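Residue numbers (my numbering), protein chains in the order written: chain Z, 12 to 228; chain D, 664 to 1058.
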């Protein structure tokens, strides 16, 4: 049993076992993403979809195999997997497909194209198959008009001007996200809980493709 | 007949049942025919106790069985025990004794059968590591109830009466050869005691594979442990046990068989102690671990069945225990089947096997789904995945 920090009270808590409760599952990368997509599902009014923040790029195949062995798996009719593109969207998609194949699950031919099962399987690469990046990039794009955003940009410029090393290029979006969220009333929240606190404008059209993907599960 | 089965009651009180669940049971193989390869690659159970149908596969050198209460974990071990014994109806009596079932003379075997229906044969089928199949079919046949011997001279047998239902063990080995042995229950009256006895249609041949069953209770049978330790000493592998015991008692320096007051026991020499200490005095965990390691080493080429393996063992040494199990099972080519309810125990097993060159471990979770019992088998990757999520793997 793992001990984790409760996102609500910030105290140590015993991690509960995951229980499959729904026929439609959205598999996201980790707890933070799970909380984000939970907020989005609530916003869409789709409570018949369960988000599993089981994440971990390297463990996906084993985790899918483990899910298949769960007694409740028999009720699952559809799964969607959301994966960050990082620095290679094609490689991210291929990696998910490889895990699906290893777990003997249906393998889609391309992102957003469902492969009929059971269960039916769909994969979405974020921000898109044509763009590098991650969920943080979508969130920042959705908040481009936020009054705090120029300050965020200035902060990183200032770091560069003063010779501070700053974050590596591939971590820049994550760093900007953290800085941006410090501009909010509660400045300590991670991306997922920030979504639940409506710190991200989930109604933004930036998230339209994500919403279509989720609704199609 | 007013006489009661007093003798059987006496045996029960002596600790054969139900208290005998704490005892171990074993039967020895013919040393010349010890299997060089692990016995079971897969195992199917039909119509045995709470299991109507169950297939479990693939099996590894060490197999841990998890699941809710009353889902068939111990039943699976018992099924394996009967199968290892091939044509030994006496084992049916023994597994019933563990549960406290006395010989109901009219229907002594019904508890063995799914829904007590002895019209549907029990079928236990294994596939060996060589891919060959061997099966044991257990059926019953109504016995002719008659007195076969009458009153004999004083203090002798007064009557012998066949009664109730015969049990038939029909074993087909991996070469397709069949052997059938029938056990007939007899009541033997002597004085005011009526005793139950199972007489075989043919003597049971030595089993080809050693099977040892360690029940869930902590206390072991001390003289069995002494015998097994002697065998280990002869093979000069007794350091395995010492290493394992040092997990529980780091001050332990040496183990020896001694009988200073007539009772032969394994004694431990502890650092700074003037006298050796009988191993049972080192606590229940020490006894349990001793029995476990000795059983695995003794059942060379065979199978050890352990109910609730974590009983008596402190959580901090569970991984060490599994290391010892893995090491001894590998060294003696013994296949191990154990049950558990403990998350700590199964995580410790997984971690212990991760550190070995070969991950020769499987977790099998039994579930009751729509009234049927089903097995889900976790290999290294799926167990790692399940623990990382974390999913419930104990059932």
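All C-beta atoms in this analysis are idealised placements derived from N, C-alpha and C, irrespective of residue type, glycine included. Note that the coordinates shown come from a computational prediction; the quantities given were computed from them, not determined experimentally.
Across the structure, residue 209 of chain Z and residue 1048 of chain D are spaced so that their CA atoms are roughly 32 Å apart. Distance from the CA of residue 905 of chain D to the CA of residue 980 of chain D, rounded to the nearest whole angstrom, comes to 15 Å.
Straight through space, the alpha carbons of residue 1026 of chain D and residue 213 of chain Z are spaced by roughly 43 Å. At a cut-off of 8 Å between beta carbons, residue 1022 of chain D makes no contact with chain Z.
DSSP lists D:1037 as the bridge partner or partners of residue 1030 of chain D. Residue 48 of chain Z: member of the alpha helix (DSSP H) spanning 41-55, first to last residue. Between residue 712 of chain D and residue 777 of chain D the beta-carbon gap is near 7 Å, inside 8 Å, which marks them as a contact.
Under the three-state reduction of DSSP, residue 792 of chain D is assigned to coil, being neither helix nor strand.
When C-beta atoms of the region 191-199 of chain Z are compared with those of the region 30-41 of chain Z, fewer than three pairs fall below 8 Å, so the two segments do not count as touching.
For residue 892 of chain D, the enclosing alpha helix (DSSP H) begins and ends at 885-897. Going by DSSP, residue 841 of chain D is part of no alpha helix (DSSP H) but of the beta strand (DSSP E) stretching over 841-853.
Assignment of residue 953 of chain D by DSSP, reduced to helix, strand and coil, places it in the helix class. Of all residues in the region 1038-1051 of chain D, those with a C-beta nearer than 9 Å to a C-beta of chain Z are 1039, 1040, 1041, 1042, 1043, 1044, 1045, 1046, 1047, 1048, 1049, 1050, 1051, reading in chain order.
Annotation: the region 973-1022 of chain D contains the following complete segments of the beta strand (DSSP E) (minimum length 3 residues), in chain order: 998-1002.
Listed along chain Z, no residue sits closer than 9 Å to residue 837 of chain D by beta-carbon distance, the nearest being about 30 Å off. Residue 1025 of chain D is bridged by DSSP to D:726. Among the residues of chain Z, those whose CB is under 9 Å from the CB of residue 1032 of chain D are 82, 85, following chain order. By the 16-neighbour rule on beta-carbons within 10 angstroms, residue 960 of chain D is buried. Per DSSP, residue 919 of chain D is one residue of the beta strand (DSSP E) stretching across 915-921. At a C-beta separation below 7 Å, residue 28 of chain Z has these neighbours in chain D: 1053, 1054, 1055. Contact with chain D is absent for residue 203 of chain Z, since none of that chain's Cβ atoms lies less than 8 Å from the residue's Cβ. According to DSSP, residue 932 of chain D shares a beta bridge with D:917.
The Cβ-Cβ distance between residue 739 of chain D and residue 745 of chain D does not fall below 8 Å. Each of D:868, D:872, D:917, D:727 was checked against the Cα of residue 892 of chain D, and the nearest Cα belongs to D:917. Counting other Cβ atoms within 10 Å of its Cβ, residue 45 of chain Z reaches 16 or more and is therefore classed as buried. Put simply, of D:1019, D:1029, D:1021 the residue whose alpha carbon is nearest the alpha carbon of residue 1001 of chain D is D:1029. Under the three-state reduction of DSSP, residue 65 of chain Z is assigned to coil, being neither helix nor strand. Out of D:944, D:837, D:705, D:879, the CA that lies nearest to the CA of residue 974 of chain D is found in D:879. For residue 835 of chain D, the enclosing beta strand (DSSP E) begins and ends at 828-835. Around the Cβ of residue 127 of chain Z, a 10 Å sphere holds fewer than 16 other Cβ atoms; the residue is exposed. About 7 Å separates the beta carbons of residue 966 of chain D and residue 997 of chain D, which is inside the 8 Å limit, making them a contact pair. Within the region 46-65 of chain Z, the residues whose Cβ lies closer than 7 Å to some Cβ of chain D are 65, listed in chain order.
DSSP places residue 715 of chain D within a strand segment (E or B) once states are collapsed to three. Annotation: the continuous beta strand (DSSP E) that includes residue 133 of chain Z extends over 131-137. Contact of residue 165 of chain Z with chain D is not assigned, every C-beta pair being separated by 8 Å or more. Put simply, the region 717-730 of chain D touches the region 1015-1024 of chain D. At least three CB pairs are less than 8 Å apart.
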